Structure formats: C-alpha cells, structure tokens
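The structure appears right after this line, and notes come after that.
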Amino acid sequence: MLNNIQTKLVRSLKSKKLNVFGLFFLLAFLILVVTKLSETYVETIPFNIEYRNLPEKNIITLDSIPKVNVTVSTHGFNLLSYYFYDKNFQLDFKKSTYIKDNNYVWLADKGIYDFKKLLGKNVDIIAVKPDTLILPFGTLSMKRVPVVLKSKINFASGFDTLDGIEIKPDSVNVIGAKEEIDNVDFVETQLLSLENIKMNINTNLGLELPNSSKRLKLSEENINITASVEKFTEGTFDVPITILNVPNNIEINYFPKYIKVSYYLSLRDYREVNLSDFIIECDYRDVLKSGKSYFNPKLIVNSGQVKSARMKQNKVEYIIK
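1 is the number of the first residue of the sequence shown in full-length UniProt numbering; add one for each residue after it.
So this is what it looks like as structure tokens:
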C-alpha cells in the first residue's frame with residue numbers, strides 16, 4: 001500500500017513539473033510574439049478594386065478586376081488583420097477618375113488620400129503600384145436572343161411527347177458592351193439529362209453565357225421546361241396515290257397504286273386519325289424536269305395529332321400508254 005502511495009506522489013510531482021514548464025513556455029512564446037509585433041515592418045498589401053459610382057450606362061471591359069499593391073510601414077499589430085482578411089478598395093469613379101479616349105484613368109497620387117483614410121493614421125504609405133490604372137469602358141447595350149435547350153432525354157419504351165418540349169421564356173435579353181453582345185447569337189441552358197421518362201416534365205434550368213463572360217448579364221437567370229408525356233402507339237394505312245398535272249392527251253399507268261404509311265401518335269388520339277388524313281401525291285411535271293423513269297411520291301399529313309409518319313417505299317414506277 002505504501003508503494004502505491006509513493007508511486008502516485010511521484011506521478012503527481014512529475015505532472016506538476018510538466019504543467020509549470022508548459023506555462024513558462026507559453027508565457028515565453030507570448031512575450032516573443034508581442035515583442036515581434038511591436039517592431040516596425042515594411043510590407044506590401046494587395047487590395048482588390050471595387051467599383052463605386054460607375055454610371056449605369058457604362059461597363060468596364062477589362063477581362064479581370066484589377067488590383068493595387070500598397071507598400072506600407074507600420075507596427076506588426078497594425079498589419080495583423082491584413083494576413084487574415086482580403087482587403088478591398090472602393091474606387092470612386094465620380095471623385096477619383098477622369099475620362100480619356102474611352103478609358104477611365106485613376107492616378108495613385110490622387111488616390112493615396114483614400115488609402116490613408118482606409119489604413120488609418122498609424123500606417124505610413126511608402127508606395128502604391130501601379131501608379132496608374134487604365135480602365136477601358138463601353139456603353140451598355142441590350143440584345144434579344146433565343147434560348148437553346150441542351151438536353152439528353154430518353155423516353156421509356158412506348159412513351160413520347162406530341163407537342164415537344166416547351167421553353168418559357170424562349171428568349172432572353174443579353175446586357176453588356178455592344179462589342180461583346182454582337183457576338184452572342186443564342187444562350188444555352190444547363191444540361192437536362194433524363195432517362196426512362198414516363199411522366200410529364202416540369203423543371204427549371206439555369207442559363208449559361210457563352211465563353212463564361214462575367215461582364216455580360218441576362219434578363220433571366222432561369223427558364224422553365226415543360227413537356228406533356230403520353231403513351232404512344234403506331235398505326236398503318238394503305239394510302240392511294242394521286243398523280244397530278246398529267247396532260248389530257250396522255251394516259252399513265254403506274255405501280256403501286258397504294259403505299260403503306262406507318263404513323264406515330266398518342267394512344268389517346270388513335271381513334272381520331274383516319275385514312276383521309278393522309279395524301280400521297282406524284283407530280284408529272286417533276287419527272288418531265290428530272291427525266292426520271294419513276295415518281296418520287298410526297299406524303300402530306302393533315303392531322304396535328306400525328307407526331308411523325310413515313311412511307312414504306314419512295315418510288316412509284318410508271319409507263320405512258
């Protein structure tokens with residue numbers, strides 16, 4: 001038992017020694033930090049430029065936002081915050097710039113007072129680089145362009161949409177410098193990828209600007225995509241052939257007299273479509289012009305309920321009696 005007590009006592013003393021050592025180490029470190037931060041340093045601080053009071057009709061046409069590097073002399077305490085946070089400088093176009101050859105010009109000599117107010121009286125400014133900012137600008141313009149759906153849609157077997165996919169709005173305004181929007185002819189949606197579709201489609205998609213231009217703006221950020229999806233089926237008719245523009249003094253014999261037509265439509269509308277909704281025509285004037293020994297029949301569908309239709313053959317042979 002005495003051995004156990006002795007062991008615990010030794011451990012306790014060792015633990016206290018470690019704690020005391022750790023405390024002294026921490027105090028020494030803090031004293032070192034305070035000493036270092038009390039010294040004077042020369043450092044360069046990068047500032048991101050923010051635009052202020054830029055006229056609404058104008059837009060800066062630089063590819064990227066410029067930066068200004070300010071070299072300062074001050075105590076380490078004053079620099080501490082700049083190591084942890086990005087610093088922004090508001091460039092006031094109304095007060096701090098002038099216009100020359102379609103460029104806004106900012107001079108560091110005139111802007112240094114604004115930096116002094118931003119940094120405080122305990123910071124001495126040694127240099128500002130660059131000493132001049134040239135900011136080209138253009139006049140804002142607007143152009144209406146169509147929206148193009150970027151999609152990969154696969155319907156389940158036997159399902160389809162009769163009226164296609166509807167985009168609302170189907171066009172948007174592109175706003176920006178005239179030189180840029182003149183090169184924009186359409187705006188694409190984000191990719192719509194759907195598989196094995198059996199239900200109606202109703203979703204919102206974002207729009208993507210061409211070349212990812214950050215200076216161009218759109219009147220709409222999202223568009224709505226809808227489609228009515230139904231069960232579809234296929235039907236067939238033997239459609240008689242009509243020969244047009246045959247002179248009265250000519251008699252033509254042709255074969256076949258009928259062509260089988262397959263058509264694709266909604267199951268709901270199947271009974272609404274009749275043979276009379278399909279016409280196959282051959283024009284005698286066409287063979288006179290082409291010199292061919294056969295007709296190329298043309299299929300005419302007079303029903304809005306038919307999504308697609310096709311003839312089983314595309315030649316009609318003929319002879320003149």
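We put the CB at the ideal spot given by N, CA and C, even for glycine. Note that this is a predicted model, so its numbers are computed, not measured.
- Would you check if the distance between the CB atom of Val316 and the CB atom of Asp277 is smaller than 9 Å? Position 316 of the sequence shown holds residue 316. Position 277 of the sequence shown holds residue 277. Against a cut-off of 9 Å, the Cβ pair of Asp277 and Val316 comes out as no contact.
- Around the Cβ of Thr161, are there at least 16 other Cβ atoms within 10 angstroms (buried) or fewer (exposed)? Within the sequence shown, numbered from 1, the residue matching residue 161 stands at position 161. Answer is buried; the Cβ neighbour count reaches 16.
- Query: Helix, strand or coil for Val148 per DSSP?
  - Reply: Translated into positions along the sequence shown, residue 148 becomes position 148. DSSP places Val148 in strand when its eight states are reduced to three.
- Query: alpha helix (DSSP H) containing Ser96: first to last residue?
  - Reply: For the purposes of this step, residue 96 is identified with residue 96 of the sequence shown, where counting begins at 1. Segment 93 to 96, the alpha helix (DSSP H) holding Ser96.
- Taking Ala227 as the reference, which of Val147, Tyr113, Ile153 has the closest Cα? Translated into the one-based positions of the sequence shown, residue 227 becomes position 227. Among Val147, Tyr113, Ile153, the Cα nearest to that of Ala227 is on Ile153.
- Just reading off the alpha helix (DSSP H) that Lys178 is part of, what are its end residues? Start at 1 with the first residue of the sequence shown, and residue 178 comes out as number 178. First-last of the alpha helix (DSSP H) with Lys178: 178 to 181.
- Take the Cβ of Ile320 as the centre, count every other Cβ of all protein chains shown within 10 Å, and call the residue buried at 16 or more, exposed below. Translated into positions along the sequence shown, residue 320 becomes position 320. With fewer than 16 Cβ atoms within 10 Å of its Cβ, Ile320 is classed as exposed.
- Message: Do Leu54 and Phe93 count as a contact pair if the criterion is CB distance below 9 Å?
- Response: Taking the sequence shown and counting its residues from 1, one reaches residue 93 at position 93. Taking the sequence shown and counting its residues from 1, one reaches residue 54 at position 54. For the 9 Å CB-CB criterion, Phe93 and Leu54 form a contact.
- Taking one C-beta from the segment 238 to 247 and one from the segment 183 to 201 each time, how about it: are there three or more such pairs within less than 8 Å? no
- Message: Tell me the rounded alpha-carbon separation between Lys143 and Lys292.
- Response: Numbered from its first residue, the sequence shown carries residue 143 at position 143. Numbered from its first residue, the sequence shown carries residue 292 at position 292. If you take the alpha carbons of Lys143 and Lys292, they lie about 49 Å apart.
- Message: Only counting the same chain, and skipping five residues up and downstream in sequence, which positions put a Cβ closer than 8 Å to that of residue 329?
- Response: As shown, the chain starts at 1 and ends at 321. That puts residue 329 outside it, with no answer to give.
- Gly111 versus Ser96 - alpha carbon distance: As a working mapping, residue 111 is identified with position 111 in the sequence shown. As a working mapping, residue 96 is identified with position 96 in the sequence shown. So the two alpha carbons sit approximately 7 Å from each other.
- Run of the alpha helix (DSSP H) containing Lys298, from where it starts to where it stops: The residue you call residue 298 lines up with position 298 of the sequence shown. Segment 298 to 301 is the beta strand (DSSP E) holding Lys298; no alpha helix (DSSP H) there.
- Item | Selection from Val261, Lys298, Val174, Thr189 that minimises the alpha carbon distance to Ser151 | Within the sequence shown, the letter at position 151 stands for residue 151. Checking every option, the nearest Cα to that of Ser151 belongs to Thr189.
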